[in-house]
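Visitor: So that we are looking at the same thing, I have put the structure below in structure tokens.
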Ligand SMILES: [Ca+2]
């Protein structure tokens with residue numbers, strides 16, 4: 002979120018009573034957890050929305066950041082700026098509402114974020130914040146290593162997990178607006194949230210899974226749907242813009258009055274269509290591009306393949322000589 006000014010301060014509330022806000026022409030969506038936490042890992046399998054003028058994001062956010070004054074701003078972002086869906090922006094935002102400190106940088110997403118499902122994750126610890134794409138760390142900001150004090154500053158408040166689809170009025174940041182691209186949708190297949198448990202996680206890792214939501218139904222004990230309006234945002238954030246259907250949470254950005262989703266959710270299944278043995282190892286053909294494959298020797302713990310795998314489009318070669326037996330998956334269970 003580049004600018005989030007909620008109409009909740011006394012002064013603005015009075016102003017809005019004196020001159021009621023005209024409803025905006027568009028509806029957008031914000032899905033957020035009710036219970037903030039301090040540190041952890043936040044993982045989601047998503048096909049994002051894109052298009053010039055659109056911002057689609059997964060973020061951690063301190064709920065009172067917008068209040069300003071002495072209230073700290075705490076936020077960690079994964080943002081698809083719709084004019085460039087072949088990359089995502091990573092960012093920590095600290096400071097206050099009136100005086101934000103930012104750290105935007107950009108990372109390739111292939112296939113583009115609106116063309117395929119990817120697994121996005123944030124790791125938040127006292128020592129670093131990391132951004133992961135399909136199981137690989139693509140960016141890490143480490144405390145005391147040129148982080149501008151942000152790793153410490155962002156941890157002064159617990160944060161909740163949010164997904165937000167909206168449109169910013171700053172064309173220089175997100176691209177020019179043209180509502181011919183509507184409707185657009187952001188699909189979330191599943192979310193996993195872990196607590197930070199240094200050295201106590203699975204295989205000695207630092208995170209322990211607390212919960213998974215597969216969106217087989219809407220869990221109103223866990224999630225809330227945003228219902229507000231903001232300066233600089235072309236849409237009203239509207240509960241009706243979020244639908245849970247066919248195993249996915251669907252966030253929509255639509256013209257006003259066209260909220261909801263009645264289409265067919267995209268498939269998140271990528272199938273291996275053929276295998277053959279070559280001198281380089283196993284040659285694999287897929288029915289859609291993926292950015293990695295996952296391997297397991299026990300069907301419970303899955304690890305992204307890195308050095309032993311090369312993928313070009315829908316063809317992959319896996320040097321499996323180190324594995325007597327194994328399972329492969331495009332999307333681990
Ligand atoms: Ca699901």
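In the numbering used here, the protein residues as written are 2 to 334.
The beta-carbon is built from N, C-alpha and C at its ideal position, and this holds for glycine as well.
On a predicted model such as this, the values are computed, not experimentally measured, just so you know.
#1: Pick out whichever of 139, 260 and 106 has its Cα sitting closest to the Cα of residue 121.
#2: Out of 315, 85 and 283, point me to the one whose CA is closest to residue 324's CA.
#3: When you get a sec, list the residues whose CB is within less than 6 angstroms of any heavy atom of ligand 1, chain order please.
#4: What three-state label does DSSP hand residue 211 in the structure shown?
#5: Looking at C-alpha atoms only, which residue of 285, 300 and 43 is the closest neighbour of residue 160?
#6: Looking at the structure shown, is residue 114 part of a helix, part of a strand, or coil, going by DSSP?
#7: Would you call residue 2 buried or exposed, if buried means 16 or more other Cβ atoms sit within 10 Å of its Cβ?
#8: Taking one C-beta from the region 52 to 70 and one from the region 87 to 98 each time, how about it: are there three or more such pairs within less than 8 angstroms?
#9: Looking at residue 242: is its Cβ nearer than 8 angstroms to the Cβ of residue 45?
#10: Determine contact between the region 264 to 274 and the region 62 to 77, defined as no fewer than three beta-carbon pairs at a distance below 8 angstroms.
#11: Hey, residue 77 and residue 169: beta-carbon distance below 8 angstroms or not?
#12: Determine the DSSP secondary structure at residue 203, reduced to helix, strand or coil.
#13: Is residue 86 helix, strand or coil when you go by DSSP?
#14: Who are the Cβ neighbours of residue 21 in its own chain at under 6 angstroms, not counting the five residues just before and after it?
#15: Look at residue 227 and residue 83 and say whether their C-beta atoms are less than 8 angstroms apart.
#16: Does the region 254 to 268 come close enough to the region 180 to 192 to have 3 or more Cβ pairs within less than 8 angstroms?
Guide: By the coordinates alone:
#1: The sequence position of residue 121 within the chain shown is 120, counting from 1. Checked all of 139, 260 and 106; the closest Cα to residue 121 is 139.
#2: Here residue 324 corresponds to residue number 323 of the chain shown, with the count starting at 1. For the residues 315, 85 and 283, the minimum Cα distance to residue 324 belongs to 283.
#3: 190, 191, 215, 216, 248 and 249
#4: The residue labelled residue 211 in the question sits at position 210 within the chain shown. Three-state DSSP puts residue 211 in a strand.
#5: On the chain shown, residue 160 is found 159 positions in, with the first residue counted as 1. Residue 160 has its Cα closest to that of 43, out of 285, 300 and 43.
#6: Reading the chain shown from its first residue, position 113 is the one you call residue 114. In the three-state scheme derived from DSSP, where H, G and I count as helix and E and B as strand, residue 114 is classed as coil.
#7: For the purposes of this step, residue 2 is identified with residue 1 of the chain shown, where counting begins at 1. Low local confidence applies: a pLDDT of 42 at residue 2 is under 50, so the model's placement there is unreliable, with the coordinate-based value given in what follows. Its Cβ being crowded by 16 or more others within 10 Å, residue 2 is buried.
#8: yes
#9: In the chain shown, the residue the question calls residue 242 occupies position 241. In the chain shown, the residue the question calls residue 45 occupies position 44. No; because the gap between Cβ atoms is not below 8 angstroms, this pair is not in contact.
#10: no
#11: Taking the first residue of the chain shown as position 1, residue 77 is located at position 76. Taking the first residue of the chain shown as position 1, residue 169 is located at position 168. No, Cβ-Cβ distance for residue 77 and residue 169 is not below 8 angstroms.
#12: Mapped onto the chain shown, residue 203 falls at position 202. It is helical.
#13: Residue numbering aside, residue 86 sits at position 85 when the chain shown is read from its first letter. Reduced to three states, the DSSP call for residue 86 is coil.
#14: Here residue 21 corresponds to residue number 20 of the chain shown, with the count starting at 1. Note that residue 21 scores a pLDDT of 47, beneath 50, so its modelled location is shaky and nothing firm can be said.
#15: In the chain shown, residue 227 corresponds to position 226, counting from 1. In the chain shown, residue 83 corresponds to position 82, counting from 1. It is not a contact, given that the beta carbons lie outside the stated cut-off.
#16: The answer is yes - the region 180 to 192 touches the region 254 to 268, with three or more Cβ pairs under 8 angstroms.
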